[in-house]
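Report on the following structure.
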Amino acid sequence: MEDLLAARMQMAVSLGFHIIFSCIGMAMPFLMAISGYKYLQTRQQVYKDLTKAWSVGVAIFFAVGAVSGTVLSFELGLLWPTFMAHAGPIFGMPFSWEGTAFFIEAIALGLFLYGWDRLHPWVHWSAGVVVGLSGVASGIFVVAANGWMNAPAGFDWVNGQAENIDPVAAMFNDAWFSQALHMTLAAFVATGFAVAGLHAILLLKNRDNIFHRKALRIALTVGAVAALLQPLSGDISAKDVAERQPAKLAAMEAHFETSQPAPLVLGGLPDEDKKVVNYAIRIPGMLSFLAHGDFKAKVTGLDAFPPEEQPPVLVTHIAFQVMVLSGMLMAAIGLLYFLLSWRLPHLLRRNWFLWIVALATPLGFIAVEAGWTVTEVGRQPWIIYGIMRTSDAVTAMPGLAVSFYLFTGVYLLLALILVWLMKRQISTLPEKYPSANLKEYVTVH
Amino acid sequence: MLLVVILFLALSLLAYVLFGGADFGAGIIEVFSGRITRKTITHAIAPVWEANHIWLILIVVILFMGFPLIYAQMSLYLHIPLVVLLLGVVLRGTAFTFRHYDAIQDRSQIYYSFVFKLSSLVAPFFLGVITGALILGRIDQEAVTFYEAYIAPWFHGFSFVMGVFTCCLFAFLAAIYLVGEAETQAIKAHFLRIARNANIATVLAGGAVFLVAEWSGLPLGRMFWHSTAAFIAVVTATLSLPVLWWSLLKEQVVFPRLLAGFQTLLILGAWFWEQFPVFLQYADGTYLSLVEHAAPEATLRQLGLALIVGSLLILPGLFYLMKTFKAKRTVIKDRA
Ligand code: HDD
Ligand code: HEM
Ligand code: HEM
Numbered sequence: 028m029e030d031l032l033a034a035r036m037q038m039a040v041s042l043g044f045h046i047i048f049s050c051i052g053m054a055m056p057f058l059m060a061i062s063g064y065k066y067l068q069t070r071q072q073v074y075k076d077l078t079k080a081w082s083v084g085v086a087i088f089f090a091v092g093a094v095s096g097t098v099l100s101f102e103l104g105l106l107w108p109t110f111m112a113h114a115g116p117i118f119g120m121p122f123s124w125e126g127t128a129f130f131i132e133a134i135a136l137g138l139f140l141y142g143w144d145r146l147h148p149w150v151h152w153s154a155g156v157v158v159g160l161s162g163v164a165s166g167i168f169v170v171a172a173n174g175w176m177n178a179p180a181g182f183d184w185v186n187g188q189a190e191n192i193d194p195v196a197a198m199f200n201d202a203w204f205s206q207a208l209h210m211t212l213a214a215f216v217a218t219g220f221a222v223a224g225l226h227a228i229l230l231l232k233n234r235d236n237i238f239h240r241k242a243l244r245i246a247l248t249v250g251a252v253a254a255l256l257q258p259l260s261g262d263i264s265a266k267d268v269a270e271r272q273p274a275k276l277a278a279m280e281a282h283f284e285t286s287q288p289a290p291l292v293l294g295g296l297p298d299e300d301k302k303v304v305n306y307a308i309r310i311p312g313m314l315s316f317l318a319h320g321d322f323k324a325k326v327t328g329l330d331a332f333p334p335e336e337q338p339p340v341l342v343t344h345i346a347f348q349v350m351v352l353s354g355m356l357m358a359a360i361g362l363l364y365f366l367l368s369w370r371l372p373h374l375l376r377r378n379w380f381l382w383i384v385a386l387a388t389p390l391g392f393i394a395v396e397a398g399w400t401v402t403e404v405g406r407q408p409w410i411i412y413g414i415m416r417t418s419d420a421v422t423a424m425p426g427l428a429v430s431f432y433l434f435t436g437v438y439l440l441l442a443l444i445l446v447w448l449m450k451r452q453i454s455t456l457p458e459k460y461p462s463a464n465l466k467e468y469v470t471v472h
Numbered sequence: 020m021l022l023v024v025i026l027f028l029a030l031s032l033l034a035y036v037l038f039g040g041a042d043f044g045a046g047i048i049e050v051f052s053g054r055i056t057r058k059t060i061t062h063a064i065a066p067v068w069e070a071n072h073i074w075l076i077l078i079v080v081i082l083f084m085g086f087p088l089i090y091a092q093m094s095l096y097l098h099i100p101l102v103v104l105l106l107g108v109v110l111r112g113t114a115f116t117f118r119h120y121d122a123i124q125d126r127s128q129i130y131y132s133f134v135f136k137l138s139s140l141v142a143p144f145f146l147g148v149i150t151g152a153l154i155l156g157r158i159d160q161e162a163v164t165f166y167e168a169y170i171a172p173w174f175h176g177f178s179f180v181m182g183v184f185t186c187c188l189f190a191f192l193a194a195i196y197l198v199g200e201a202e203t204q205a206i207k208a209h210f211l212r213i214a215r216n217a218n219i220a221t222v223l224a225g226g227a228v229f230l231v232a233e234w235s236g237l238p239l240g241r242m243f244w245h246s247t248a249a250f251i252a253v254v255t256a257t258l259s260l261p262v263l264w265w266s267l268l269k270e271q272v273v274f275p276r277l278l279a280g281f282q283t284l285l286i287l288g289a290w291f292w293e294q295f296p297v298f299l300q301y302a303d304g305t306y307l308s309l310v311e312h313a314a315p316e317a318t319l320r321q322l323g324l325a326l327i328v329g330s331l332l333i334l335p336g337l338f339y340l341m342k343t344f345k346a347k348r349t350v351i352k353d354r355a
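Listed in order, the protein sequences are those of chains A and B.
Residue numbers for the first sequence follow the numbering used here, beginning at 28 and rising by one.
Residue numbers for the second sequence follow the numbering used here, beginning at 20 and rising by one.
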């Protein structure tokens, strides 16, 4: 494997792995806080047990998130030393604040996990909320750093050197807000749907179980609210990308030729040599509207960029379609949930609904991975958009394929162990928590 | 602000050696004592290891934001030991957590323990190797072969002795800490024994570091000899060892910990002082310096600000965390 390719793949695998734990770290504490709040309000044992059961999962995932994040902070240098030598002082600021957020998160997590009977209940509950708040803060900080790679700001580039560095302007770059908003919502969508799906699967086996139903209700409500907001935030992102990275937008939409008005290309397989999209549906004028808010606006196509500055179209386009499709499906499920639970009692006991939620388990994380693929591959060939090429940033150390296989192997192994550990946690729920056996029989027509 | 940033870098290094080091050391101790210590070790480090580990992240962030060239060059030439260190960190954190939280206690515990112990040795060893390589002066920007560029800088007796020294020091710190955490007299006696052995090993390994440095043409010994401050620091650290032992045998808990921390501060401080401002030594005699190769002032100002504000937020929290879990053993006793 060529070194540059190995480096890019290793970065992608490490980030794709880490982001799963980041999402859980951001959203899960809030699910626990909701359930903990209900316990403190109602004193029903089932909410306490649920909070505890979830917190074991969080402790395990948090550790994997922490170590995979540590790997990343070294990997930026191990794989991209030239990039870091220039970018560190410019985009480092969010990372320096992130350090504080990590510390607060780890301290609060320690208090939350081990302080059940040692702290005042509300102090303990607040520690859980602090875990979530600092998780979201660290997510926002690091995404602001990524935003800088998409929308470089806060320096002048003179003869291959950065001058007049302004880290504050770099942090609040043009991309930070839309990306941070979209990512934060994504964490709640992905975690909410994954947790809801898991409990729906367990309910399908054991339909009258109160424990899983309470869990499902909390997770699905959070996931559904976020899923309904996500397309709005995605629209902000798309308009933003159209402004700052027209080449990325063109690749996402497989928009080969500049046109006015421009149609929206749904699905299809882009053929990068012939510059056409096969098997696609086209909605006239729609892309003009989505990108610029005007059905007649001109949308820049890939033809406006020299070939060596065009991102890969096939991967970017497909990833974008996958994200949007998953997003639309989840938004639809969310809408269904809210409309039906209002009209239809015992919705969460109906097999067909449980099946839908169960099938949606991976959708949120699929969307997250796809979305990041859009952002990162769509930025190519640049590591800092318009400033530095990825191929100029890679380390001189040869043989990177070895470390790529090594880390991929370790992550694969960890992922397998995690699945196995979760199964074991679930299988012991009934012995550990009496309320996990509680049932409530209701006839559903 | 440069001074503030350097001060935080030094403090984070010290904190990582003390707290992260005690965590690693607990794993090393398990290698030599097996099952009997496992419960104490798990109880002692489970609530705090994640917080302790963040000092390492802080070091990395200070380096890449404040001293980008140093970070880039060490990532380039010390790629291989850094990757091994990272694998150690990953495997250790996950194996420890899996062992602690796995819902079913069966044969898998053996594998978790094995990985935990192995990586508890590998990670600090390579931490020492990397530290050694930074001062050894075999990093060569003109190197042509793979061996010269990426292996020779760290594959050397001096780095390996530094690795051994780091492991011994960490085990020593952990033992001193764990003596105060032991649940029974038998376990306490066990940790005291380990602390004694680790203490001897650390002093010997420390001596070996100077010897091997001398053989390798590294004037480490002379550097310490010629600076009064460094000399006094090292002598004080050594001479206070009997005090440490006296207080340990008197069954004091807090004082020995503070003293061991103070001794580490003296040794690290002396070394940092001697090295300063050199951080990465090249083969041709030039070096990367914390002063000359720092980021522009605008960056340092933001970094320093984040560190100052951050520590104001963090320190009370850390203190509260430690305090909450100090009351632990009395609670357990009450229940039992
Ligand atoms: C649950 C996850 C999820 C869902 C349902 C969606 N997205 Fe998304 N999307 C992400 C998760 C995500 C992400 C993984 O979080 C990304 C990667 C970078 C970022 O900021 O967010 C992203 C990036 C991203 C970008 C590129 C942003 C950039 O490069 O700055 C655009 C234009 C959209 N999304 C648009 C949408 C639209 C129109 C959606 C309609 C339903 C949508 N996303 C649903
Ligand atoms: C703040 C967060 C992030 C930072 C700082 C970051 C940084 C980087 C860097 C430096 C590269 C290598 C250079 C390049 O290819 O342009 C890269 C590539 C990549 N990253 Fe990210 N990234 C972030 C988030 C993510 C996430 C969460 C994912 C999730 C999947 C991801 C997926 C990828 C992929 C797929 C590539 C390879 C792109 C290619 O080379 O074609 N990134 N990222
Ligand atoms: C979009 C991408 C990213 C997001 C949203 C994100 C978010 C998070 C979150 C929420 C955590 C908390 C830990 C957890 O809950 O498991 C975390 C941990 C961590 N992340 Fe990321 N991260 C991203 C990418 C990165 C990158 C590119 C780096 C390195 C440069 C990084 C470094 C770390 C580190 C070091 C930790 C461990 C902190 C600890 O020990 O608690 N992350 N990340």
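Ideal Cβ placement from N, Cα and C applies to all residues, glycine included.
Here the structure is a predicted model, which means the values were calculated and not measured.
Proximity of residue 278 (chain A) and residue 343 (chain A) at Cβ, strictly below 7 Å: yes
Nearest-angstrom Cα separation, counted from residue 160 (chain A) out to residue 49 (chain B): 36 Å
Residue span of the beta strand (DSSP E) that contains residue 201 (chain A), given as start and end: Per DSSP, residue 201 (chain A) belongs to no beta strand (DSSP E) and is neither H nor E.
Interface positions of the segment 166-200 of chain A facing chain B (Cβ-Cβ less than 7 Å), listed along the chain: 192, 193, 194, 195
Interface positions of the segment 286-314 of chain B facing chain A (Cβ-Cβ less than 8 Å), listed along the chain: 314
Residue 193 (chain B): CB within 6 Å of a non-hydrogen atom of ligand 1: no
Assigned secondary structure, residue 19 (chain A) (DSSP; H/G/I helix, E/B strand, else coil): Shown here, chain A extends from 28 to 472; a query on residue 19 (chain A) therefore has no answer.
Residue 81 (chain A) CB to nearest heavy atom of ligand 1 below 6 Å: no
Three-state secondary structure (DSSP) of residue 66 (chain A): helix
Residue 69 (chain B) at chain A interface by Cβ criterion, 7 Å: yes
When B:172, B:99, B:65 are compared against residue 45 (chain B), the one with the closest alpha-carbon: B:65
Per DSSP, the bridge partner or partners of residue 296 (chain A): A:305
Residues sharing a beta bridge with residue 158 (chain B), DSSP: B:301
Three-way DSSP call (helix, strand, coil) for residue 347 (chain B) in this model: With a pLDDT of only 46 at residue 347 (chain B), under 50, the local geometry of the prediction cannot be trusted, and the value read off the model is given with reservation. Looking at residue 347 (chain B) - three-state DSSP - the assignment turns out to be helix.
Segment contact flag, the segment 236-255 of chain A with the segment 215-222 of chain A, C-beta cutoff 8 Å, min 3 pairs: yes
Sequence-distant residues of its chain with Cβ nearer than 6 Å to residue 287 (chain A) (five each side left out): 325
Contact set between residue 457 (chain A) and chain B, taken where Cβ atoms lie within less than 8 Å: Residues of chain B passing the Cβ test: none, with the nearest at roughly 11 Å.
Neighbour-count burial assignment, residue 300 (chain A), 16 or more Cβ in a 10 Å radius: exposed
Inter-residue spacing [alpha-carbon to alpha-carbon] between residue 309 (chain B) and residue 282 (chain A): 49 Å
Close Cβ partners of residue 340 (chain B) (< 8 Å) along its chain, the five nearest in sequence each way excluded: 66, 67, 70
Rounded separation between residue 446 (chain A) and residue 240 (chain A) - CA only: 22 Å
CB of residue 115 (chain A) within 7 Å of CB of residue 87 (chain B), strictly: yes
Chain A contact for residue 108 (chain B) (CB, 7 Å cutoff): yes
Range covered by the beta strand (DSSP E) that runs through residue 67 (chain B): No beta strand (DSSP E) contains residue 67 (chain B), which DSSP labels as neither H nor E.
Cβ of residue 32 (chain B) within 7 Å of any chain A Cβ: no
Residues of its chain near residue 130 (chain B), where Cβ-Cβ distance is below 7 Å and the 5 sequence neighbours each way are ignored: none
Under 8 Å by beta carbon: chain A residues contacting residue 169 (chain B): 424
Within chain B, the residues that residue 136 (chain A) reaches when beta carbons sit closer than 7 Å: 69
Contact list for residue 452 (chain A) against chain B, beta-carbon separation under 7 Å: 122
Other residues of its chain near residue 308 (chain A): CB distance less than 7 Å, five sequence neighbours each side excluded: 293, 294
Counted within 10 angstroms of its Cβ, other Cβ atoms place residue 56 (chain A) as buried (16 or more) or exposed: buried
C-alpha distance - residue 213 (chain B) paired with residue 439 (chain A), whole-angstrom precision: 37 Å
Cα-Cα separation, residue 331 (chain B) to residue 343 (chain B): 19 Å
C-beta neighbour in chain B for residue 94 (chain A), strict 7 Å: yes
Coarse secondary structure for residue 429 (chain A), derived from DSSP in three states: helix
Chain A contact for residue 329 (chain B) (CB, 7 Å cutoff): yes
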